[in-house]
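One structure below.
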Amino acid sequence: MPFDSEAEVSFRLLDMADDYVTRDGTDIPAWFDIQLSRDDWPTEIVLSVMVDTDQGPIINGIRGGRGYRNGYQEVAKLFRDSTDAAFMLRFVTAQAAGALATDRLLRPHLDEIDLDEGTAKKIVKMRDHFARRSFGATEVQRRRRVTRELLEQVAQVYRAAFRDGQPPTQAVAETFHVSHSTAGRWVVEARKAGALGPATGTRPGEATSD
């Protein structure tokens, strides 16, 4: 992938999770490790990336290649100073999503595929195609501001789902397109703000004054 510098970063996916998160209709590995290299770098750089449903891709580990003795901070500075780090994080996350989609598509047919050079090139093109389609779903999103209006809306969704016999916290998560943990945090905040009644032990619902 070209950057402002004449040098070009190449990458190799080392490992990725079997489970996934879904963002904007795209399935992305919940975590993955990817190796980056460039001709003018003294070492390869290995990024460990986790993907949060709400916030998108987050670097939770970075190290130099085998035998490189310099510490985390120097490797991180090398990565940050040499690339558009935010773009690169999105780019490699899209590549991981493309690899996941390709793996899912091909896995049931592995016994039927003749892995010759021509087929390998087609698989690479397929991964690139899925990666391009996935790029929009990798955008880092700012954390939504929790306002009184939002908490009132959370309370309304929670009550309606509980009344209909549906899991209320899950309904909040699905309505606002956030993770279950974020929905749970918002429900707690709604109770604290008085938008939703106190909890009834460990069971869903709210205590009333009746």
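So in the numbering used here, spot 94 of the sequence shown is number 94, and the numbers just go up one at a time. Yeah, the Cβ is synthetic: ideal placement off N, Cα and C, and Gly gets one too. All values derive from a computational prediction rather than experimental measurement.
For residue i, is the classification buried or exposed, using 16 other Cβ atoms within 10 angstroms of its Cβ as the cut-off for buried?
i, result
"Leu-105", "exposed"
"Ser-10", "exposed"
"Phe-87", "exposed"
"Arg-163", "exposed"
"Thr-26", "buried"
"Gly-64", "buried"
"Ala-155", "buried"
"Val-92", "buried"
"Arg-90", "buried"
"Thr-83", "buried"
"Arg-127", "buried"
Have a look at the options and flag the residue whose alpha-carbon is nearest the alpha-carbon of residue i.
i, options, result
"Thr-22", "Arg-191, Ala-137, Leu-13, Gln-166", "Ala-137"
"Arg-145", "Trp-186, Val-172, Ser-134", "Trp-186"
"Leu-266", "Val-46, His-180, Trp-41, Asp-24", "Here the chain covers residues 1 to 210 and nothing more, so residue 266 does not appear."
"Leu-151", "Glu-174, Lys-192, Trp-41", "Lys-192"
"Trp-41", "Tyr-20, Tyr-68, Glu-149", "Tyr-68"
"Tyr-20", "Thr-43, Arg-90, Ala-101", "Ala-101"
"Asp-103", "Thr-200, Val-178, Pro-29", "Pro-29"
"Ser-48", "Tyr-72, Phe-32, Thr-175", "Phe-32"
Just the C-alpha distance for residue i and residue j, rounded to the nearest angstrom, thanks.
i, j, result
"Ala-85", "Ala-76", "10 Å"
"Asp-81", "Glu-206", "51 Å"
"Ser-181", "Thr-53", "10 Å"
"Gly-61", "Met-50", "9 Å"
"Ile-34", "Val-172", "34 Å"
"Val-124", "Glu-189", "47 Å"
"Asp-18", "Arg-107", "13 Å"
"Ala-120", "Arg-148", "54 Å"
"Glu-117", "Gln-153", "55 Å"
"Leu-36", "Glu-74", "15 Å"
"Glu-8", "Thr-43", "14 Å"
"Asp-24", "Phe-135", "10 Å"
"Arg-12", "Arg-38", "12 Å"
"Phe-176", "Gly-71", "40 Å"
"Thr-200", "Ala-183", "18 Å"
Does DSSP put residue i in a helix, in a strand, or in coil?
i, result
"Ser-179", "coil"
"Glu-206", "coil"
"Trp-41", "coil"
"Met-196", "With the sequence shown as reference, residue 196 is identified as Leu, and Met is not the correct amino acid for it. Correct three-state label for Leu-196: coil."
"Asp-27", "strand"
"Arg-69", "coil"
"Val-146", "coil"
"Gln-35", "strand"
"Gly-165", "coil"
"Thr-53", "coil"
"Thr-22", "strand"
"Asp-81", "helix"
"Asp-15", "strand"
"Glu-117", "helix"
"Val-188", "helix"
"Val-9", "coil"
"Met-1", "For Met-1, the pLDDT reaches just 42, beneath the cut-off of 50, and the residue's location in the model is therefore unreliable, leaving the point undetermined."
Taking 6 Å as the line, does the beta carbon of residue i fall inside it for any heavy atom of the ligand NAD?
i, result
"Ala-199", "This structure lacks the ligand NAD; in fact it carries no ligand of any kind."
Stretch-stretch touch, CB-based, cutoff 8 Å, three pairs: the segment 193-202 with the segment 145-164: yes
Stretch-stretch touch, CB-based, cutoff 8 Å, three pairs: the segment 46-61 with the segment 93-103: yes
At least 3 beta-carbon pairs within less than 8 Å: the segment 123-132 vs the segment 167-178: no
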